[in-house]
């Protein structure tokens with residue numbers, strides 16, 4: 042049977058037909074439903090009661106993909122719900138109050154009613170109205186099919202979770218043992234903004250980001266994180282547990298900010314799940330589970346949810362945020378502030394125009410057009426996928442470098458490089474439609490990630506995108522021209538090859554690799570960042586070795602060069618240019 046675009050089980054339909062007289066008015070219908078299954082205010086209007094009587098057409102309901110995206114809709118399958126509840130209940134808790142802030146079709150609520158006899162009150166919140174009705178009727182069906190003696194007060198509330206008054210609910214339930222469980226949306230505010238969704242929290246700087254962080258992307262946040270923090274802000278003083286299915290990146294942010302927020306949570310666990318298996322999506326996700334109303338904890342144990350094998354413990358160790366506290370303790374002697382300034386590669390956001398291939402002495406752009414320009418501003422370009430070997434000077438692409446420093450006037454191109462200027466000007470529309478605000482009020486054909494350091498002949502580079510923390514020594518091309526890197530890469534530059542080889546050896550040494558593995562989160566969108574690399578104190582690393590070991594390990598290096606290198610990284614307070622870029 043169809044009602045409000047959902048299926049109603051035949052068992053429920055039969056029950057309602059037998060008691061059709063109980064649906065004669067709104068007040069009578071709501072009292073009847075409450076007595077039958079505990080759901081308060083089952084109907085909101087007389088029209089809904091009337092509509093139910095007339096709904097007899099079967100309908101094959103399916104959520105459209107656009108709605109799935111807008112609401113971040115990844116319904117938790119019943120097998121996973123059962124496994125999660127079984128795991129939580131092994132904590133020997135007897136919840137009296139259950140809250141599911143985004144309840145969807147009600148799987149957590151249904152199975153909690155089956156498993157938890159101590160429940161007195163249940164609140165489910167859902168923005169998508171068909172799910173609200175489906176949840177209500179599923180609850181009714183549950184009580185019709187099973188002899189469940191305990192019948193808690195149940196409210197399934199149709200509203201946007203961001204408009205709900207959690208503060209008032211927390212005050213009204215503060216004396217009840219609490220279980221907050223669920224699966225909030227797996228989308229970001231930016232993704233929802235792109236489809237003009239109204240399913241967004243009110244605009245506020247809830248993470249206290251400054252303007253620059255917002256511009257560079259740190260102002261983007263996950264909706265699941267926003268909801269998690271709403272819950273912790275209001276319910277961390279309750280006795281009980283809090284468990285959410287969230288993306289790994291969200292939990293990482295919560296633990297990172299715990300050093301500042303000091304939420305009263307402890308026994309924090311990250312139970313890693315197989316998102317492809319459970320939700321058919323390629324997202325790294327987990328069950329975040331913590332005990333409420335405890336002395337604040339700043340670390341989280343990582344556990345495989347299926348085998349319960351323990352992987353690592355991440356979080357705060359003293360003043361350092363790390364992925365593996367055990368590995369960090371064994372390698373923290375090189376933790377510090379790098380005197381090398383790690384740089385990001387060139388950013389231009391116009392790859393079809395600015396990046397060229399070379400074929401039979403011709404240049405081809407991303408539009409498959411032959412390009413006739415001067416060679417002077419063309420440089421070999423390496424991307425993350427090119428940084429695989431120990432060292433390289435091979436490249437697949439060329440890039441047009443229009444500036445030697447950020448903000449440089451590009452008017453010189455017209456006179457000095459007329460062919461290049463004509464080509465770029467002909468494709469001006471590609472530059473004008475770049476969306477990033479960093480290009481606002483900048484010269485035409487501007488690029489970023491450019492400076493003296495970009496033209497260093499020798500570079501030590503690493504991809505920011507891959508899980509590996511191996512460094513590649515980048516040499517000039519066959520004509521002695523320095524190679525450029527794109528903005529997915531980080532590097533330091535040298536004009537002295539011997540110095541570059543020393544630094545390259547030190548950075549790839551197993552001690553450095555252990556340190557990097559202890560502080561990087563491999564499931565992050567960009568595991569290696571400038572912040573991570575700037576934590577490597579090369580001077581402390583250098584002092585771990587004796588000279589004979591270094592001379593033996595690094596080719597073409599003598600004692601004099603080693604001493605000079607050590608003096609340089611020890612004495613110069615901040616290395617910006619010169620022998621080290």
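Numbering (the numbering used here), first residue to last: 42 to 622. Yeah, the Cβ is synthetic: ideal placement off N, Cα and C, and Gly gets one too.
Listed in chain order, the non-local C-beta contacts of residue 219 below 6 Å within the same chain comprise 138, 279 and 281, local neighbours out to five positions each way being set aside.
As computed with DSSP, residue 527 is found in a beta bridge with 387.
Counting along the chain, the unbroken alpha helix (DSSP H) around residue 545 starts and ends at 538-549. Contact between the region 120-129 and the region 178-196 is absent, with fewer than three C-beta pairs closer than 8 Å. Counting along the chain, residue 392 sits inside no beta strand (DSSP E); it lies in the alpha helix (DSSP H) bounded by residues 392-395. Counting the other CB atoms within 10 Å of its CB gives residue 90 a total of 16 or more, which places it among the buried residues. With a cut-off of 8 Å on Cβ pairs, the region 597-613 is not in contact with the region 552-572, counting fewer than three such pairs. Distances from the alpha-carbon of residue 164 to those of 538, 207 and 331 put 207 closest. Distance between residue 215 and residue 556, taken at the CA atoms: about 44 Å. Within the same chain, and ignoring the five residues on either side of residue 393 in sequence, the residues whose Cβ sits closer than 7 Å to its Cβ are 406, 407, 408 and 471. Look at the region 275-347 and you find these whole runs of alpha helix (DSSP H), each 4 residues long or longer: 289-302 and 316-320. Counting every other CB atom within 10 Å of its CB across the protein chains shown gives residue 588 a total below 16, marking it as exposed. Separation of the CB atoms of residue 117 and residue 144 is rounded to 10 Å, and the pair is thereby denied contact status at 8 Å. DSSP, reduced to helix, strand and coil, places residue 570 outside both helices and strands of the structure shown, so it counts as coil.
123 is the residue among 123, 284 and 178 whose C-alpha sits nearest the C-alpha of residue 319.
DSSP assignment within the region 550-608 yields the following whole alpha helix (DSSP H) runs of 4 residues or more, N-terminal first: 551-560, 571-574, 579-583 and 588-594. Residues of the same chain with a CB within less than 7 Å of the CB of residue 77, apart from the 5 flanking positions on each side, are 181 and 184 in chain order.
Between residue 313 and residue 343 the beta-carbon gap is near 7 Å, inside 8 Å, which marks them as a contact.
Counting other Cβ atoms within 10 Å of its Cβ, residue 120 stays below 16 and is therefore classed as exposed. Residue 412 places its beta carbon 8 Å or farther from that of residue 488. Our two residues, residue 402 and residue 492, have alpha carbons roughly 29 Å apart in a direct line. Under a 10 Å Cβ-count criterion, residue 61 is classified as exposed, with fewer than 16 other Cβ atoms of the shown protein chains found around its own Cβ.
Taking each of 571, 434, 380 and 474 in turn and checking the Cα distance to residue 421, the smallest one comes out for 434.
Within the same chain, and ignoring the five residues on either side of residue 161 in sequence, the residues whose Cβ sits closer than 6 Å to its Cβ are 137 and 193.
Distance check between residue 597 and each of 542, 429, 178 and 559 places 542 closest, using alpha-carbon atoms only.
The C-alpha of residue 264 is placed about 30 Å away from the C-alpha of residue 391.
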